[in-house]
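**Q** So that you can map any letter, position 71 of the sequence shown is 70 in numbering that gives the first Met the number 0, and since no number is skipped, the others follow by simple counting.
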Amino acid sequence: MKYIGKLAAASALFLMQASNTVWAETTMRFSIWLPPTHPLVEDVLVPFAEDIEKVTENRVKVEILPAPLGAPPAHYDLVKNGVIDLAQGNQAYTPGRFKTMVIGELPFLGDTAEATSVAYWRTWDAMLKDAGEYDDVHVLSVFTHGPGGAFFKNPDIDSIEQINGQKMRVGGGVAHEVATTLGAAPVEGPSSKAYELLSQGVADGILFPLESVKYFNLDGLLSKGLMVPGGLYNTSFFMIMGKNTWESLSEEDQAAIDKISGEALARKAGQMWDRIDGDAREAMAGTVEIQEISDADMASLREKLQPVIEKGIEEVSSTGIDGQAAYEMMKAEVAKVSAE
Numbered sequence: 000m001k002y003i004g005k006l007a008a009a010s011a012l013f014l015m016q017a018s019n020t021v022w023a024e025t026t027m028r029f030s031i032w033l034p035p036t037h038p039l040v041e042d043v044l045v046p047f048a049e050d051i052e053k054v055t056e057n058r059v060k061v062e063i064l065p066a067p068l069g070a071p072p073a074h075y076d077l078v079k080n081g082v083i084d085l086a087q088g089n090q091a092y093t094p095g096r097f098k099t100m101v102i103g104e105l106p107f108l109g110d111t112a113e114a115t116s117v118a119y120w121r122t123w124d125a126m127l128k129d130a131g132e133y134d135d136v137h138v139l140s141v142f143t144h145g146p147g148g149a150f151f152k153n154p155d156i157d158s159i160e161q162i163n164g165q166k167m168r169v170g171g172g173v174a175h176e177v178a179t180t181l182g183a184a185p186v187e188g189p190s191s192k193a194y195e196l197l198s199q200g201v202a203d204g205i206l207f208p209l210e211s212v213k214y215f216n217l218d219g220l221l222s223k224g225l226m227v228p229g230g231l232y233n234t235s236f237f238m239i240m241g242k243n244t245w246e247s248l249s250e251e252d253q254a255a256i257d258k259i260s261g262e263a264l265a266r267k268a269g270q271m272w273d274r275i276d277g278d279a280r281e282a283m284a285g286t287v288e289i290q291e292i293s294d295a296d297m298a299s300l301r302e303k304l305q306p307v308i309e310k311g312i313e314e315v316s317s318t319g320i321d322g323q324a325a326y327e328m329m330k331a332e333v334a335k336v337s338a339e
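Written out as structure tokens, the structure reads:
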């Protein structure tokens, strides 16, 4: 009996050690499509990968691939299909797929990326996830960039009304709706193609946050920027993990990763966007004239873009979610974070 007891204890110890070995060998493949020098990569994505290793005490490793395994729009499906384990992406790059994203992209939501990002995550976690749009992956966080403005090559534009007839590069999503509603001709293309579109005359201007104008070296092509209180639009992003990858982790490691994901990751991303938006504004002084739109323009703009807001709410409602309630929650959470 003593022998059997010792054998059982040894077997239990072996199984425990084997289990620990499995966790120690978990390696996640992370494909990043943005340039490695982009602040989102340097200040958010790479530190997040490092934090995963820290909080799991190196039981989970993250391998950042030397080159992306696909174009930006492909990254959701790369995770869904198990080709990679981690990815960040932009929902607008796959039109019609993520209808609830408009809650984070609508005009006039907030003046900081931190406020809109945290509010967006809270609204997504409380309401939007029930639409089931991301059920085939594990969502780590959602967030937005800073308030988007309108930038033009023509230095004589001083009113948002003058966007009418301009060819404006947009990334899709609500930005496309905004451009169309204001009478502009939207030219879609990823941010990496913005310089090409502007320099070759395909676009007369662009809808972008301040940071992106500077990062993509557009300040040498653009002369005027019009900024709108609350933002002309925002862009929504996701951070996801493969469902099977997530379910293969121990409960301990899942809990550890949860602590650095969700609102914490959304806040960190938002703070990064706000910092670099401020840096970009300063860096462009004397090159691109940044102008806040007038009160008269703002009143007209609110009236013109109200249908965009209403259409967005209807789109969310088409998923079975109460779109109006989600919109009201988003605005309320932005106000809460802004008041912190």
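Beta carbons are placed, not taken as given, at the ideal position from N, Cα and C, and that holds for glycine.
Only a predicted model underlies this, so the values are computations on that prediction, with no experimental measurement involved.
Given this structure, state the Cα-to-Cα distance separating M238 from P154, to the nearest angstrom.
**A** About 38 Å.
**Q** Whole angstroms is fine: what's the gap from S198's alpha carbon to K166's?
**A** If you take the alpha carbons of S198 and K166, they lie about 13 Å apart.
**Q** Can you give, in chain order, each stretch of the beta strand (DSSP E) that sits fully within the region 187-212 and has at least 3 residues?
**A** Listed in chain order, they are 204-207.
**Q** List the whole-angstrom C-beta distance separating Q270 from E113, where the pair is believed to meet the contact cut-off of C-beta under 8 Å.
**A** Confirmed, Cβ separation roughly 5 Å.
**Q** On a CA-only basis, which of I320, V54, A331 and E332 is nearest K98? Give me that one, please.
**A** It is I320 whose Cα lies nearest to the Cα of K98.
**Q** What residue range does the alpha helix (DSSP H) around A344 cover?
**A** This structure cannot settle anything about residue 344, because the visible part of the chain is limited to 0 through 339.
**Q** How about S235 and G103: are their beta carbons less than 7 Å apart?
**A** Yes, they are a contact pair.
**Q** Around the C-beta of D84, are 16 or more other C-beta atoms found within 10 angstroms, so that it is buried, or is it exposed?
**A** Classification for D84: buried.
**Q** To the nearest angstrom, report how far apart V21 and G170 are at their CA atoms.
**A** Any reading at V21 needs caution, since the residue's pLDDT is 41, under 50, leaving its predicted position unreliable; the model's value is listed next. Between V21 and G170, the C-alpha separation is close to 42 Å.
**Q** From the DSSP output, in three-state form, read off F97 for me.
**A** Coil.
**Q** So if DSSP puts S247 in a beta bridge, which residue, or which two residues, is it bridged to?
**A** Answer is none; S247 lacks a bridge partner.
**Q** What span of residues does the alpha helix (DSSP H) with G224 cover, start to end?
**A** G224 -> not in any alpha helix (DSSP H); beta strand (DSSP E) instead, spanning K223 to M226.
**Q** Hey, would you say L300 sits closer than 7 Å to S140, going by beta carbons?
**A** Contact flag unset, no.
**Q** Rounded to whole angstroms, what is the Cα-Cα separation between G241 and N80?
**A** Taking the straight line from one Cα to the other gives about 8 Å.
**Q** Starting from the C-beta of T286, find all residues in its chain whose C-beta is less than 7 Å away, skip the five residues before and the five after it, and write them out in chain order.
**A** So the qualifying residues of the chain are D218.
**Q** With 16 as the cutoff for other CB atoms within 10 Å, does Q90 come out buried or exposed?
**A** Classification for Q90: buried.
**Q** For T244, which residues from the same chain have a beta carbon less than 7 Å from its beta carbon, with the 5 sequence-adjacent residues on both sides left out?
**A** Within the same chain, T244 has close Cβ partners M27 and D84.
**Q** Does the region 141-160 come within contact of the region 199-208, defined as at least 3 CB pairs closer than 8 Å?
**A** The region 141-160 is in contact with the region 199-208.
**Q** So, A118 versus E339, is the Cβ gap smaller than 7 Å?
**A** Contact flag unset, no.
**Q** Select from P94, P65 and W32 the residue whose C-alpha is nearest the C-alpha of E187.
**A** Measuring from the Cα of E187, the nearest candidate turns out to be P94.
**Q** With a cut-off of 8 Å on the beta carbons, I'd call L231 and G147 a contact; round off their distance for me.
**A** Confirmed, Cβ separation roughly 5 Å.
**Q** Which residue from A86, F215, E49 and H137 puts its Cα closest to that of L248?
**A** Out of A86, F215, E49 and H137, H137 has the C-alpha closest to the C-alpha of L248.
**Q** Pull up the CB-CB distance for H175 and W272, whole angstroms please, since I reckon it's below 8 Å.
**A** About 21 Å; that fails the 8 Å criterion.
**Q** Apply the 10 Å Cβ neighbour rule to N233 and answer buried if 16 or more other Cβ atoms are within range, or exposed otherwise.
**A** By the neighbour-count rule (16 or more Cβ atoms within 10 Å), N233 is buried.
**Q** Would DSSP call T115 helix, strand or coil?
**A** Reduced to three states, the DSSP call for T115 is helix.
**Q** Spatial neighbours of D252 within its chain, please: CB distance less than 7 Å, with the 5 preceding and 5 following residues excluded, ordered by chain position.
**A** W22, T55, R58 and V59.
**Q** Considering Cα atoms alone, identify which of A184, T180 and K213 is closest to Y194.
**A** That would be K213, whose Cα lies nearest to the Cα of Y194.
**Q** Please report the straight-line C-alpha distance between E314 and E52, rounded to a whole angstrom.
**A** Cα to Cα, E314 sits roughly 39 Å from E52.
**Q** Can you list, in chain order, the stretches of the alpha helix (DSSP H) that have 4 or more residues and sit fully within the region 28-94?
**A** Segments of the alpha helix (DSSP H) lying fully in the region 28-94: 45-54 and 74-79.
**Q** What residues are listed by DSSP as bridge partners for A149?
**A** For A149, which the question treats as bridged, DSSP gives the partners L206 and L225.
**Q** Use the C-beta contact count for A325: other C-beta atoms within 10 angstroms, 16 or more gives buried, fewer gives exposed.
**A** It counts as buried.
**Q** Report, in whole angstroms, the separation of the C-beta atoms of A48 and V61, which I expect to be a contact under 8 Å.
**A** Their Cβ separation, rounded to whole angstroms, is 4 Å, which keeps A48 and V61 in contact under 8 Å.
**Q** Taking the beta carbon of K267 as the centre, do at least 16 other beta carbons fall within 10 Å, making it buried, or is it exposed?
**A** Buried.
**Q** Express the C-alpha separation of V227 and I308 in angstroms, rounding to a whole number.
**A** Computed Cα separation, rounded: 16 Å.
**Q** The alpha helix (DSSP H) with G322 in it runs from where to where?
**A** Run containing G322: G322 to S337, per the alpha helix (DSSP H) assignment.
**Q** Assuming contact is defined by CB atoms lying nearer than 7 Å, are T318 and A130 in contact in what I supplied?
**A** Contact: yes.
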